[in-house]
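Residues 55 to 335 (my numbering) are what the sequence shown spells out, left to right.
Think of the CB as a built atom: it goes at the ideal place given N, C-alpha and C, for glycine as much as any other residue.
Written below as structure tokens is the structure these notes are about.
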Amino acid sequence: MNQTPQKNRNAMSIIAIVIGLVMAYIIPFLVQTSLERVLVHLSAHIKAGNPAFSSGLPMFDLFYSAWRALIFVGGAGLIVISQEIRKGSDWTFPLALSLFALPSIGGFFMFLPYVSWVPGFPLPMIISFIGLSGYWAFIFLHHGTKAQKWTRFAALTFIGMLTTHAFTIGIGAQRTMATRPGHPFYPDFTWWLFRWAGEVNWVAVIFLFMAIPLLAMGKRRGWWMAVISSIAILMINVPTQFIRTKTLDYFYGALLAIGVLIFTLVPYFKKQLLEDKSPEV
């Protein structure tokens, strides 16, 4: 951040304050409105003859509220560190990216029901793009060559998208497992494979989210976390897609994982990402 021009740091500080306030005092209302729409239309979907979806009511109620709390704290964090951003403290860049990632990831997760059974304009898309506007602005305002900035943009965006998708896959698995035939037993291999795949994706979410600030600093640890979690998702999603072919969800996750691997494993992109050559402790 010290090498970032002062005018850029000033702009980054203002962006952090504005988006932080939006995350703290506007997004919570968007989340609640979105949640109420989901609960109303999901209840109607269940009454229309889809009892297997009943497990979604408590799960969406829990996770929408959890993401709202995370986004609120993230907004508070951006406001708190805004003056350190202006001063050029190096630790603020990776932390700010992580905080901007919260509404980006959470919003796309909350968008999921709108694809299936919630009509109307998807408010969670607004939530996501509020976070992404800060995420992308910081990537391009931070110091670096054009090649480094565009590589960070591609790699970190794919990592965020894969994080969202992996989290959603885990939610879908847990929701389906709660209403599976013969619960609490497993009818056959395909059912416990479903839970296995969902929980592997959830574990990968942790590594992927941790990779964002580390890779933003050019740390090799972040690179390894992104690569390991992407390969793990490929290893579980590809066979799961062939065995459980009702939807293409696992195929889409595999494509996103390939996207992350392209922008981390291709030597040219790897060189742009790992700008920090200092030894890591």
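Taking 8 Å as the cut-off, decide whether the C-beta atoms of P157 and I133 are in contact.
Result no, Cβ atoms of P157 and I133 do not sit closer than 8 Å.
Should G313 and F212 be called a contact, given that it needs their Cβ atoms to be closer than 8 Å?
For G313 and F212, yes; Cβs fall inside 8 Å.
For W145, report the span of its alpha helix (DSSP H) as first-last.
From DSSP, W145 is part of no alpha helix (DSSP H); its letter is neither H nor E.
Report all residues from its chain with a CB closer than 8 Å to the CB of S332; omit the five preceding and five following residues, and keep chain order.
The predicted position of S332 is uncertain, since its pLDDT is 44 and thus under 50; no value can be drawn from it.
Candidates Q137, H99 and I223: which alpha carbon is nearest F163's?
If we check each option's Cα against that of F163, I223 comes out closest.
Please classify G74: does DSSP put it in a helix, a strand, or coil?
Correct three-state label for G74: helix.
Quick one: is L327 near chain D, going by C-beta distance under 8 Å?
Among the chains of the structure shown, chain D does not appear; only one protein chain is present.
On the three-state DSSP scale, how would you describe K273?
Three-state result, K273: coil.
Determine the burial state of L116: buried for a count of at least 16 other Cβ atoms within 10 Å of its Cβ, exposed for fewer.
Burial call: exposed.
Would the C-beta of S136 count as close to the ligand PLP, meaning under 7 Å from any of its heavy atoms?
Ligands in the displayed structure: none, and consequently the ligand PLP is not present.
Excluding the 5 residues flanking K203 on each side, which residues of the same chain have their C-beta closer than 7 Å to its C-beta?
So the qualifying residues of the chain are I193 and F194.
State the Cα-Cα distance for the pair Y118 and L216, rounded to the nearest angstrom.
For Y118 and L216, the distance between alpha carbons rounds to 19 Å.
Between I266 and L210, is the Cβ-Cβ spacing less than 8 Å?
Contact: yes.
So is A308 buried or exposed if we call it buried at 16+ other beta carbons inside 10 Å?
It is buried - the Cβ of A308 has at least 16 other Cβ atoms within 10 Å.
Any chance the segment 238-253 sits against the segment 282-297, with 3 or more Cβ pairs inside 8 Å?
Yes: the two stretches touch, three or more of their Cβ pairs being nearer than 8 Å.
With H, G and I counted as helix, E and B as strand and the rest as coil, what does DSSP make of A311?
If DSSP states are grouped into helix, strand and coil, A311 belongs with the helices.
Return the Cβ separation of T205 and L327 in integer angstroms, given the expectation that the two are a contact with Cβ distance under 8 Å.
Indeed, because the Cβ distance is near 6 Å, the residues count as touching under 8 Å.
From this set, Y79, P105, P173 and W250, which residue's C-alpha is nearest E90's C-alpha?
Among Y79, P105, P173 and W250, the Cα nearest to that of E90 belongs to P173.
Compute the distance between the beta-carbons of A70 and I135, then report whether it is under 8 Å.
Yes.
Hey, how far is the Cα of L55 from the Cα of K273?
The question names Leu, but residue 55 is Met in the sequence shown. Near 15 Å, if we compare the C-alpha coordinates of K273 and M55.
Write down every uninterrupted run of the alpha helix (DSSP H) in the segment 159-199 whose length is 4 residues or greater and which is fully enclosed by it, in chain order.
Within the segment 159-199, the complete alpha helix (DSSP H) runs of at least 4 residues are 177-195.
Let me confirm a value: V335 is counted as buried when at least 16 other C-beta atoms fall within 10 Å, else exposed. Which label applies?
Low confidence applies to V335: its pLDDT is 41, below 50, so where it sits in the model is not reliable, and the reading given next is rough at best. Result: exposed.
At the level of alpha carbons, what is the spacing between T233 and S109?
If you take the alpha carbons of T233 and S109, they lie about 7 Å apart.
Cβ atoms of L310 and I180: under 8 Å apart, would you say?
For I180 and L310, no; Cβs fall outside 8 Å.
Buried or exposed: where does P178 fall if 16 or more other Cβ atoms within 10 Å of its Cβ makes it buried?
The residue in question, P178, is buried, as its Cβ has 16 or more Cβ neighbours within 10 Å.
Quick one: what does DSSP say L89 is sitting in, helix, strand or coil?
Of the three classes helix, strand and coil, the one that applies to L89 here is helix, per DSSP.
Would you give the residue range spanned by the alpha helix (DSSP H) that F323 belongs to?
From DSSP, the alpha helix (DSSP H) with F323 extends over P321 to L327.
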